[in-house]
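Encoded as structure tokens, the structure appears first; notes follow it.
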Amino acid sequence: MNNYIKIIFSLFFLAPSAVPAAAHAYAAGVLFQDTARQAARQDSIYPLFFTTKQKDQLVSAVGFADGAALRAVPLTGIGNALTGRIAGLATIQDAGEPGNDQPLFLLRGRTPLVLVDGIPRNIYTILPEQVASVTVLKDALSAAALGLRGADGVILITTRKEAKQRGHNMDFSINTGIAQPLKQRELLSAAAYAELYNEALQNDGRPALYTADDIVKYRNGSAPYTHPDNNWYARVMEKQAPYQRYVLSANGKTDAMGYFLSIDYLEQDGLLNQSSLNSYSTNVDYKRFGFRGNVSIDLSPRTKLSLNIHGSSRRRNAPGGAASLSFAPNTGRLDISTGSISGLFNSILNTPANAYPVYNPDGSFGGNQLFSNNIWGQATGAGYSQINMNDGLADLVLERDMSDVWKGWWVKGTASYTMEIIHNIIRNKSFATYEMKVTGANDTIYRQFGSIGEQANTSGVSVRNGSLFMDFSTGVSRSWNEHHLDVALQYQRSSARYGNQLPFVIKNGIFRAEYRMGNRYILDVVTSYSGNNWYKPGHQYNFYPAAGLGWNVHNENFFPQNSFFDQLKLRTNYGLVGRIDANYFSYLYTYSNYGSAYYIGTGAGGVQGTEESQLPYVRTTEKALKWNIGADLGMLNNRATLSVDYYRNRFYDLLQQRGRNTALLGAPYPAENIGKSQYSGLEATAGWSDKVNAFEYEIAANLAIQRGRIIYNDQPPQAHPWMETAGDRIGQQYGYIADGFVTTAGEGPVVEGYRSVPGDLKYRDLNGDGVINFYDVTKIGPDKPEIYYGISAGFRFKGFDVSLQLAGLANRMMNLTGLGEWEFQNEGRGPAFPHHYNRWTPETAATATYPRLTAGFNPNNHVNSSFWLSSADFLRLKTVALGYTFRGGVLDRLKIKGCRVFASGYNLLTFSGQDRFDPENGSLGYPLQRILNGGISIKF
7 MNNYIKIIFS LFFLAPSAVP AAAHAYAAGV LFQDTARQAA RQDSIYPLFF TTKQKDQLVS
67 AVGFADGAAL RAVPLTGIGN ALTGRIAGLA TIQDAGEPGN DQPLFLLRGR TPLVLVDGIP
127 RNIYTILPEQ VASVTVLKDA LSAAALGLRG ADGVILITTR KEAKQRGHNM DFSINTGIAQ
187 PLKQRELLSA AAYAELYNEA LQNDGRPALY TADDIVKYRN GSAPYTHPDN NWYARVMEKQ
247 APYQRYVLSA NGKTDAMGYF LSIDYLEQDG LLNQSSLNSY STNVDYKRFG FRGNVSIDLS
307 PRTKLSLNIH GSSRRRNAPG GAASLSFAPN TGRLDISTGS ISGLFNSILN TPANAYPVYN
367 PDGSFGGNQL FSNNIWGQAT GAGYSQINMN DGLADLVLER DMSDVWKGWW VKGTASYTME
427 IIHNIIRNKS FATYEMKVTG ANDTIYRQFG SIGEQANTSG VSVRNGSLFM DFSTGVSRSW
487 NEHHLDVALQ YQRSSARYGN QLPFVIKNGI FRAEYRMGNR YILDVVTSYS GNNWYKPGHQ
547 YNFYPAAGLG WNVHNENFFP QNSFFDQLKL RTNYGLVGRI DANYFSYLYT YSNYGSAYYI
607 GTGAGGVQGT EESQLPYVRT TEKALKWNIG ADLGMLNNRA TLSVDYYRNR FYDLLQQRGR
667 NTALLGAPYP AENIGKSQYS GLEATAGWSD KVNAFEYEIA ANLAIQRGRI IYNDQPPQAH
727 PWMETAGDRI GQQYGYIADG FVTTAGEGPV VEGYRSVPGD LKYRDLNGDG VINFYDVTKI
787 GPDKPEIYYG ISAGFRFKGF DVSLQLAGLA NRMMNLTGLG EWEFQNEGRG PAFPHHYNRW
847 TPETAATATY PRLTAGFNPN NHVNSSFWLS SADFLRLKTV ALGYTFRGGV LDRLKIKGCR
907 VFASGYNLLT FSGQDRFDPE NGSLGYPLQR ILNGGISIKF
């Protein structure tokens with residue numbers, strides 16, 4: 007290992023040893039990129055799936071983000087840097103834990119595949135500093151080459167390669183800062199809780215539990231052991247946590263070689279408080295060390311060899327409890343769920359402030375029969391666990407220009423191996439809680455709950471994945487007169503092994519052809535023949551064809567020159583793409599242990615039984631017919647740009663269980679290829695870039711409006727039209743329609759069998775039968791947004807630069823039910839929240855926004871209904887960066903090309919109608935974070 011590190015560092019310090027003056031002039035101070043103007047250029051190169059195209063040759067709908075813009079704010083991963091930057095690509099950050107905070111992606115309503123340099127890989131390992139560009143493939147033509155993996159669209163990350171010009175460059179950046187929790191839910195104090203709990207008991211016709219003396223003691227804190235008042239969030243969480251990051255990178259180019267090298271180290275502490283009694287951390291800490299090297303060598307004037315290597319080691323710490331990991335072979339996404347963290351925050355939202363003291367007078371954990379698991383004990387007394395994630399890859403690419411054999415001919419081969427090993431270390435232990443009692447003789451006794459156990463010491467590999475990818479391609483590029491033709495053939499084979507499963511093999515044959523006439527008319531055709539080995543033979547392969555037309559109107563003779571419009575391109579494409587749900591050999595019969603034993607004979611000997619698992623089914627890929635039409639405009643000397651796309655994507659052969667299945671079978675039914683749905687939408691991206699003397703600025707905005715609808719889902723015939731789900735929005739929520747509060751006992755309509763009292767919810771009786779039951783359930787609101795938008799801006803004046811990014815979504819409803827919302831849950835033992843002060847009482851009947859309080863679950867009020875829906879629209883200031891770049895003078899004498907000092911922030915401001923919690927994730931678990939940092943970046 008020591009030799010390996012020496013080699014890496016020697017590459018860094020040898021690379022820039024000789025820096026030509028021309029390279030110095032080129033690279034000095036290049037720390038700010040005019041990405042809007044670059045995107046407007048017709049000769050801009052867009053990386054696609056194992057090919058590239060100039061902007062004016064594109065017929066596909068693609069989004070593009072330049073790596074320089076993504077590096078403006080130093081974030082821990084590339085996922086959050088993409089928020090709000092590309093029309094149609096939405097991100098939802100549902101977790102804030104360090105090392106597990108990458109967002110979920112939605113591309114035109116679907117979860118896209120993530121590719122790194124053309125190969126499915128884990129996005130957690132990619133840093134913004136390593137990214138040259140991100141291309142989002144939205145339509146059938148751009149994704150058809152992926153065959154059975156193209157239906158949901160693609161996020162294609164291209165890593166940085168050699169420098170653009172001859173010379174050598176090195177960057178070293180340091181940034182450090184703090185992470186702060188965003189909005190968290192507020193719990194009531196012990197006194198306020200007791201008052202509302204007595205009111206709820208009175209509403210239920212039960213005697214009060216707390217006396218006036220109890221409430222006084224809760225309020226003044228005079229009896230902290232018998233009448234505690236705990237702020238659980240303040241006890242468990244710190245107000246901020248440190249964050250630090252170091253990146254060393256170098257790139258260069260000579261006559262025969264080019265390279266990019268990068269080393270990074272990240273250390274981010276969690277927000278959980280620690281106990282001084284522990285000699286180890288129970289915090290949610292995250293550390294990462296990574297290396298990337300991309301090197302290309304010209305073996306001859308026509309032959310080029312490229313080697314890309316990457317390795318990273320990541321470690322996540324957490325309080326006691328093992329992590330649950332799941333890996334999706336069809337998307338390459340690794341999901342980590344740490345049960346101890348979710349369990350900790352669930353306990354907070356299920357425990358009132360007066361449940362027990364954190365510590366008893368003798369220093370033991372407080373607890374009682376109703377609350378036997380001390381929250382502080384969960385956070386600090388249950389040991390700890392670690393997830394160690396190690397991954398590595400190597401890509402070898404050989405390409406040759408074969409024009410010496412046949413004009414325009416080329417060949418290329420790629421071989422890549424990726425491995426990922428996740429190792430868990432478990433150091434859990436159990437702890438006891440104690441309830442203090444004072445007897446009549448003033449003796450103090452303790453009742454124990456649970457037991458004290460020794461700390462476990464186990465470890466094991468939970469994930470061991472490896473994949474081998476090979477690509478062989480050849481093609482011919484020819485031009486004559488005003489005609490140009492590109493034709494290519496390509497074969498790909500991917501073999502991946504997940505854990506102890508048999509290899510998952512995908513084979514893909516691709517044909518590409520592009521014809522251009524006079525750079526005015528473009529015909530683009532892509533067809534793949536794609537299949538996998540986990541499906542039944544005879545059902546493994548399908549054709550996925552797509553074709554598109556483009557017209558560069560601005561290159562026509564009739565197009566006015568030097569006018570308002572500089573560029574105008576019209577384009578459309580149509581094609582078939584697939585999506586594989588790689589269920590493991592689902593066409594075979596499988597059996598599993600019965601779980602119990604059959605007892606035979608007089609000695610009651612047990613024999614293990616077996617049972618039939620899910621019924622077998624011969625699957626095929628899910629498919630999508632996609633149509634896209636768009637236009638690209640450049641105006642006012644290309645200072646202004648506008649791109650507009652409309653799409654309609656029809657999905658069929660979707661896997662789902664039949665609605666007419668019956669439980670009489672006694673075995674689980676399989677998902678079948680019967681579902682149909684449709685997504686349609688409109689996307690627009692506009693930008694303006696200009697320079698006034700020394701002041702340069704750019705601004706861009708994007709907007710996406712999309713809706714998905716269910717076309718067919720095999721729903722059985724319904725009694726009433728409003729119960730039918732075909733035609734409804736994808737992500738539709740269902741429930742009763744709330745219709746005000748009950749004002750007279752026995753008033754309705756209310757849930758069937760329930761006797762109402764004033765303050766209960768009433769519901770709309772849709773079928774007019776006088777009762778509320780499943781015949782009155784209908785659609786009440788969407789849980790997926792229909793509108794996504796983002797705004798980017800950048801300014802530069804002399805050495806100063808400023809950039810910012812805003813992102814938002816609209817037309818999304820959040821269902822505010824259950825944990826954290828309803829009063830006194832957890833069988834009547836849970837807490838209450840400030841919004842419960844708005845409950846219905848006879849005095850507040852005209853202004854109440856919450857039903858009457860009850861102690862526990864209410865079968866009428868606590869059901870899904872429109873009453874509990876609330877807007878989750880928001881606009882977030884995602885990033886802001888301010889910097890100043892020093893050049894010349896002393897720096898020249900020190901051979902420093904540029905030095906930039908900067909301050910930046912992430913998740914700085916949120917504008918939303920929700921004031922109780924963060925609207926993006928609901929604030930039920932570990933909070934999302936605001937990151938404030940500053941640093942310095944030096945270019946040698």
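Per the working numbering, the very first residue in the sequence shown carries number 7; after that it's consecutive.
C-beta: ideal position from N, C-alpha, C; glycine also.
What residues match up with Ser-319 in a beta bridge as DSSP calls it? Paired residue(s): Phe-295, Asn-396.
When DSSP builds the beta bridges, which residues end up paired with Phe-701? Within the DSSP bridge table, the entry for Phe-701 names Val-698, Phe-803 as partners.
Candidates Ala-385, Asn-284, Asp-477, Val-467, of which the one nearest Tyr-423 by Cα: Just measuring C-alpha positions, the residue of Ala-385, Asn-284, Asp-477, Val-467 sitting nearest Tyr-423 is Asp-477.
Alpha-carbon spacing of Thr-450 relative to His-233, whole angstroms: Their Cα atoms are separated by approximately 16 Å.
Note down the Cα distance separating Leu-110 from Arg-322, rounded to an integer number of angstroms. Rounded to the nearest whole angstrom, the C-alpha separation of Leu-110 and Arg-322 is 20 Å.
Roughly how many whole angstroms lie between the Cα atoms of Arg-893 and Arg-906? Using only the alpha carbons, I get a separation of about 9 Å.
Validate contact between the stretch 138-149 and the stretch 219-226 using beta carbons, cut 8 Å, 3 pairs: Taking a contact to require three or more Cβ pairs closer than 8 Å, the stretch 138-149 and the stretch 219-226 do not qualify as touching.
Counting C-beta neighbours from all protein chains within 10 Å, is the total for Phe-475 16 or more, i.e. buried, or is it exposed? With a 10 Å radius around the Cβ and a threshold of 16 neighbouring Cβ atoms, Phe-475 comes out buried.
Runs of alpha helix (DSSP H) wholly within the stretch 49-89 (minimum 4 residues, chain order): Fully enclosed alpha helix (DSSP H) runs of no fewer than 4 residues occupy 73-76, 84-87 of the stretch 49-89, in order along the chain.
Below 9 Å between beta carbons: does that hold for Asn-643 and Asp-734? Going by C-beta atoms, Asn-643 is not nearer than 9 Å to Asp-734.
Starting from Gln-935 and walking both ways along the beta strand (DSSP E), at which residues does that stretch end? For Gln-935, the enclosing beta strand (DSSP E) stretches over residues 935-945.
4 or more residues per run - each alpha helix (DSSP H) lying fully within the stretch 866-933: Complete alpha helix (DSSP H) runs here, min 4: 896-899.
Roughly how many angstroms separate the alpha carbons of Asn-719 and Gln-663, rounded to a whole number? When only Cα atoms are considered, Asn-719 and Gln-663 end up about 9 Å apart.
Assign Leu-671 to one of three DSSP states: helix, strand, or coil. Three-state DSSP puts Leu-671 in a helix.
Please confirm whether Ala-494 and Gly-389 have their CB atoms less than 9 Å apart. At a Cβ-Cβ threshold of 9 Å, Ala-494 and Gly-389 do not count as neighbours.
Does the contact criterion of 3 or more C-beta pairs under 8 Å hold for the stretch 478-488 versus the stretch 404-424? Segments in contact, yes.
Span of the alpha helix (DSSP H), counted from its first residue to its last, around Asp-220: Annotation: the continuous alpha helix (DSSP H) that includes Asp-220 extends over 218-226.
Just to confirm the assignment: which complete beta strand (DSSP E) runs, minimum length 3, are found wholly within the stretch 625-659? Unbroken beta strand (DSSP E) runs of no fewer than 3 residues, entirely contained in the stretch 625-659, are found at 628-641, following chain order.
By alpha-carbon positions, which one of Leu-376, Glu-617, Asn-679 ends up nearest to Gly-672? Residue nearest to Gly-672 within the set Leu-376, Glu-617, Asn-679 is Glu-617 (criterion: CA-CA distance).
Checking contacts by CB at 9 Å: is Thr-647 closer than that to chain C? Of the chains in the structure shown, none is chain C; there is only one protein chain.
Determine whether the beta carbon atoms of Ala-3 and Gly-472 lie at a separation below 9 Å. Residue coverage of the chain in this structure runs from 7 to 946, which leaves residue 3 outside it and unanswerable.
Spatial neighbours of Thr-626 within its chain, please: C-beta separation below 8 Å, excluding the five flanking residues on both sides. Excluding residues within five positions, the ones whose Cβ falls inside 8 Å are Tyr-541, His-545, Asn-548, Asp-659, Asn-679.
Relative to the C-alpha of Asn-314, which candidate in Leu-267, Asp-275, Val-290, Glu-273 has its C-alpha closest? The shortest Cα separation from Asn-314 among Leu-267, Asp-275, Val-290, Glu-273 belongs to Leu-267.
Among Thr-850, Asn-867, Gly-928, which residue has its Cα nearest to the Cα of Asp-879? Here the closest residue by C-alpha is Gly-928.
Please report how far the alpha carbon of Ile-354 lies from the alpha carbon of Phe-863, in whole angstroms. Distance from the CA atom of Ile-354 to the CA atom of Phe-863, rounded to whole angstroms, is 18 Å.
Quick check on this structure: which residue in Thr-131, Ala-206, Val-122, Pro-126 has the alpha carbon closest to the alpha carbon of Thr-165? Comparing C-alpha distances from Thr-165 to each of Thr-131, Ala-206, Val-122, Pro-126 shows the shortest one belongs to Val-122.
From the DSSP output, read off the bridge partner residues of Gly-537. According to DSSP, which records beta bridges pairwise, Gly-537 is partnered with Lys-513, Tyr-547.
Answer yes if the stretch 777-794 comes into contact with the stretch 805-812, meaning at least three C-beta pairs across the two stretches below 8 Å, and no otherwise. As far as the Cβ criterion goes, the stretch 805-812 does not touch the stretch 777-794, which means the pair count is below three.
Check Glu-346 in the structure and name its three-state DSSP category. Per the sequence shown, residue 346 should be read as Ser rather than Glu. Annotated three-state conformation of Ser-346 is helix, per DSSP.
Within the stretch 119-187, ranges of the beta strand (DSSP E) (whole runs, at least 3 residues): Correct list: 119-122, 137-143, 160-165, 173-187.
Buried or exposed: which applies to Gln-759, given that a residue is buried once 16 or more other Cβ atoms fall within 10 Å of its Cβ? The sequence as given places Gly at residue 759; Gln does not occur at that position. Flag for Gly-759 reads exposed.
Going by DSSP, name the residue or residues bridged to Gly-459. Listed as beta-bridge partners of Gly-459 by DSSP are no residues whatsoever.
Give the straight-line distance between the Cα atoms of Pro-622 and Ser-598, rounded to the nearest whole angstrom. So the two alpha carbons sit approximately 14 Å from each other.
Complete alpha helix (DSSP H) runs within the stretch 233-260 (minimum length 4 residues, chain order): Within the stretch 233-260, the complete alpha helix (DSSP H) segments of 4 residues or longer fall at 238-242, listed in chain order.
Per DSSP, the bridge partner or partners of Ile-947: Since the first residue of the chain shown is 7 and the last is 946, residue 947 is not available in this structure.
Taking contact to mean at least 3 C-beta pairs separated by less than 8 Å, is the stretch 148-161 in contact with the stretch 585-593? Counting Cβ pairs under 8 Å, three or more are found: they touch.
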